[in-house]
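Numbering-wise (my numbering), the first sequence opens with residue 160 and increments by one. All residues carry an ideal CB built from backbone N, CA and C; glycine is no exception. In this text the structure is predicted, and so the values were computed from the model without any measurement. Single-structure report; data block below.
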Amino acid sequence: MNLFADIRSLVIDALTAMQAEGALPNGLDFSNVAVEPPRDAAHGDMATNAAMVLAKPAALQPRTIAEALAAKLMADPRIEGADVAGPGFLNMRLSPAVWQSIVRAALIHGTEFGKSDMGAGQKVNVEFVSANPTGPMHVGHVRGAVVGDALANLLAFAGWSVTREYYINDGGAQVDVLARSAYERYREAHGLEPEIREGLYPGDYLIPVGEALKAKYGDSLLDKGEQVWLADVRDFATEMMMARIREDLAALGVSMDVYSSEKALYGTGQIEAAIQTLRDMDLIYEGELEPPKGKEPEDWEPRVQTLFRSTAYGDDVDRPVKKSDGSWTYFAPDIAYHYNKVQRGFDQLIDIFGADHGGYVKRMKAAVAALSQNRVPLDIKLIQLVKLWKNGEPFKMSKRAGTFVTLRDVVEMAGADVTRFIMLTRKNDAALDFDFDKVLEQSKDNPVFYVQYANARVNSILRKAAEAGLDVSDALLQGADLAKLDHAAEIAVAKRIAEWPRLVEIAARSNEPHRVAFYLYELASDLHGLWNRGNDDPSLRFIQDDPATSQAKIALVRAVGVVICSGLGILGVTPVEEMR
RNA sequence: GCACCCAUAGCUCAGCUGGAUAGAGCGUUGCCCUCCGAAGGCAAAGGUCGCACGUUCGAAUCGUGCUGGGUGCGCCA
């Protein structure tokens with residue numbers, strides 16, 4: 160289904176045949192032979208660098224190889240022309256039938272068109288969001304949630320078996336702070352003045368937690384010491400926050416397959432076991448760390464800690480797994496958690512972190528490399544900041560949350576579809592501006608609108624054609640005489656459609672879902688362009704007097720719509736049928 | 001001080017894991033609706049790809065060293 164892969168294997172077959180005939184020496188490595196669309200369309204439809212890559216190892220002139228290869232390739236009916244150009248490129252022109260057949264393939268496979276088996280069913284775990292269960296999700300989490308979810312969709316489309324996972328940080332001091340904050344709201348629910356001291360969470364969202372605590376415990380916790388209520392209130396509040404977070408995720412259209420709890424790792428021996436595994440590899444020792452250069456912490460004094468020899472796996476310094484008082488650092492349960500993922504049999508791990516966790520990447524990769532004996536690759540995607548804008552100025556603060564803009568604010572103001580698309584219009588490691596005014600604008604300045612408009616146009620054309628008395632069912636369009644799609648402008652759109660399966664593989668290989676968004680923009684642009692050419696050249700209008708010609712043209716339009724829907728599906732954006 | 005990320009047109013950004021004359025959108029200039037949705041399209045102008053070496057047949061892309069910006073750097077998570 161991937162045309163580029165098909166042509167590449169055609170090239171490889173030709174090269175192999177040349178070896179059999181003695182035109183090329185045996186034992187050449189073909190892995191660097193690439194088949195790509197040339198940047199400049201004037202160079203043809205496909206280009207291969209085979210002659211340049213093989214010239215040196217074969218001890219032949221690039222031109223000699225290229226000419227022999229061209230002659231071989233010309234025997235295939237799909238190849239209409241093959242010219243040697245530049246330093247040794249072989250430019251191929253494909254027969255129109257090739258492109259026309261792509262349109263048919265898209266119609267037959269529908270939104271399955273472009274699916275790949277590249278992942279070969281390997282198990283990949285995508286861990287994302289993992290927001291602390293101490294409050295509702297805020298803007299900072301939204302981009303990570305969208306990127307993680309879209310990446311998971313993309314990998315599934317490319318043939319991986321994907322697990323979406325959320326790691327609940329419910330084991331540290333921050334959930335005690337949550338408990339104390341909720342307790343003040345509990346007191347408030349009894350008519351007492353809450354004491355929201357410095358360091359507690361001030362947001363309104365804890366008021367319902369206080370009321371729920373009152374409903375459950377009555378006044379039995381009032382005027383009691385922390386040792387009486389802390390654990391219960393902590394569990395109760397954490398549970399309520401997680402319920403809230405699940406709702407937030409649902410509002411964005413994200414659902415997790417697995418929620419893993421940090422707290423659940425304590426007391427089960429899992430942390431000890433993970434650390435012991437490292438110790439058995441001589442990667443754990445007691446030692447002192449050098450003070451950080453530059454700005455030294457004021458209260459620095461050397462302490463002996465339990466350290467992980469992460470430098471053995473490329474980290475800059477060894478990292479503590481225990482604090483000087485002997486308790487675990489945050490890193491220790493995280494090691495155990497990643498060990499758990501390795502033991503569950505994943506072939507690949509992906510973590511989506513905020514950019515402020517950049518300093519954590521090397522040690523986490525070191526831990527996974529050590530614990531999996533370099534079997535399981537860990538890719539960590541760092542998500543850069545989102546800056547919100549409204550009315551030309553930075554948008555800050557939420558009335559509800561007190562200190563931050565919540566996910567709910569964003570989704571209510573922009574809608575889940577718009578939010579998701581915009582969050583995917585930058586690569587993950589570049590900062591992103593999110594302007595509420597621009598993302599809702601109905602113009603070509605707004606990529607969401609532009610792509611949605613293209614899909615609405617497809618539907619509009621299908622409606623008009625039906626009104627004109629044409630049968631535009633997929634079954635009929637699949638059988639259309641696509642040889643009638645002979646105009647260069649139409650072939651150009653078919654070429655773009657042909658890129659889709661390849662783009663899916665490129666995006667999946669690099670774990671970069673944003674590429675899908677950019678591709679859809681280009682495809683939309685092609686459709687808008689073709690549409691407008693119909694203004695000047697009536698022969699390019701989709702609905703013609705001749706029903707067979709109309710069907711072929713509408714088949715092309717429908718194929719564009721299919722790919723847009725497929726791509727939007729990966730991004731998690733609902734295609735609109737009609738603009739209002 | 002060290003590590004990681006970023007630097008591409010006036011502005012906002014793509015750029016296929018090394019390919020040919022580096023691409024979009026905005027903005028500027030000039031065009032296109034008696035015609036399937038002009039909420040759109042076409043065209044022009046605009047570049048030492050931060051700088052300097054290096055690897056290569058070939059570098060925006062890979063390596064090294066700089067410059068400028070962001071993030072992080074034991075007893076937070």
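Residues near residue 466 in its chain [Cβ-Cβ closer than 8 Å; skip 5 each side] | 443, 444, 445, 446, 448, 477, 478, 479 and 480
What are the start and end residues of the beta strand (DSSP E) that includes residue 320?
-> 320-327
Going by DSSP, which residues form a beta bridge with residue 450?
-> Note: residue 450 sits in no beta bridge, so no partner.
C-alpha gap between residue 719 and residue 682, whole angstroms = 7 Å
Please name the residue, chosen from 497, 530 and 417, that lies closest to residue 761 on a Cα-to-Cα basis.
-> The structure shown does not extend to residue 761, since the chain spans only 160 to 739, so no value can be given for it.
Please determine if the segment 613-631 and the segment 228-238 are in contact, where contact requires at least 3 C-beta pairs separated by less than 8 Å.
-> no
Who pairs with residue 490 in a beta bridge, going by DSSP?
-> Looking at the DSSP assignment, residue 490 forms no beta bridge with any residue, so it has no partner.
Could you tell me how far apart the beta carbons of residue 308 and residue 574 are, in whole angstroms, since I believe they sit closer than 8 Å?
-> Contact doesn't hold; Cβ gap of about 16 Å is too wide.
For the alpha helix (DSSP H) holding residue 301, just list the boundary residues, first then last.
-> 298-316
For residue 464, the residue or residues it bridges with in DSSP | 446
Applying the criterion that 16 or more other CB atoms from any shown protein chain within 10 Å of the CB defines a buried residue, is residue 459 buried or exposed?
-> exposed
May I have a chain-ordered list of the alpha helix (DSSP H) segments no shorter than 4 residues that lie completely inside the segment 548-591?
-> 566-573 and 575-582
Residue from 717, 648, 293 and 586 with nearest C-alpha to residue 693 | 648
Give me the Cα-Cα distance between residue 405 and residue 291, rounded to the nearest whole angstrom.
-> 12 Å
When DSSP labels each residue in this structure, what does residue 531 get in the three-state scheme?
-> coil
Comparing alpha-carbon positions, which option in 672, 565 and 211 lies nearest residue 312?
-> 672
Tell me where the beta strand (DSSP E) around residue 190 begins and ends.
-> Residue 190 -> no beta strand (DSSP E), and no H or E assigned at all.
With respect to the alpha helix (DSSP H) encompassing residue 386, which residues constitute its N-terminal and C-terminal limits?
-> 385-411
Completely contained alpha helix (DSSP H) runs for the segment 189-252, where each covers 4 or more residues = 209-217 and 221-232
Taking only the alpha-carbon atoms, compute the straight-line gap between residue 577 and residue 412 and give it to the nearest angstrom.
-> 12 Å
Nearest-angstrom Cβ-Cβ length linking residue 607 and residue 580, presumed shorter than 8 Å = 4 Å
Unbroken beta strand (DSSP E) run spanning residue 260, endpoints | No beta strand (DSSP E) contains residue 260, which is instead part of the alpha helix (DSSP H) from 255-268.
Can you tell which of 414, 397, 263 and 494 has the C-alpha that lies nearest to the C-alpha of residue 436?
-> 494
Note the first and the last residue of the continuous alpha helix (DSSP H) segment covering residue 784.
-> There is no way to answer for residue 784, as the model of the chain reaches only from 160 to 739.
Inter-stretch contact (C-beta, 8 Å, three-pair minimum) for the segment 387-394 and the segment 286-304 = no
Looking at the structure shown, is residue 725 part of a helix, part of a strand, or coil, going by DSSP?
-> helix
Pick out whichever of 463, 457, 508 and 525 has its Cα sitting closest to the Cα of residue 490.
-> 525
Does the segment 593-610 touch the segment 538-550, meaning 3 or more C-beta pairs lie closer than 8 Å?
-> yes
Assign residue 618 to one of three DSSP states: helix, strand, or coil.
-> helix
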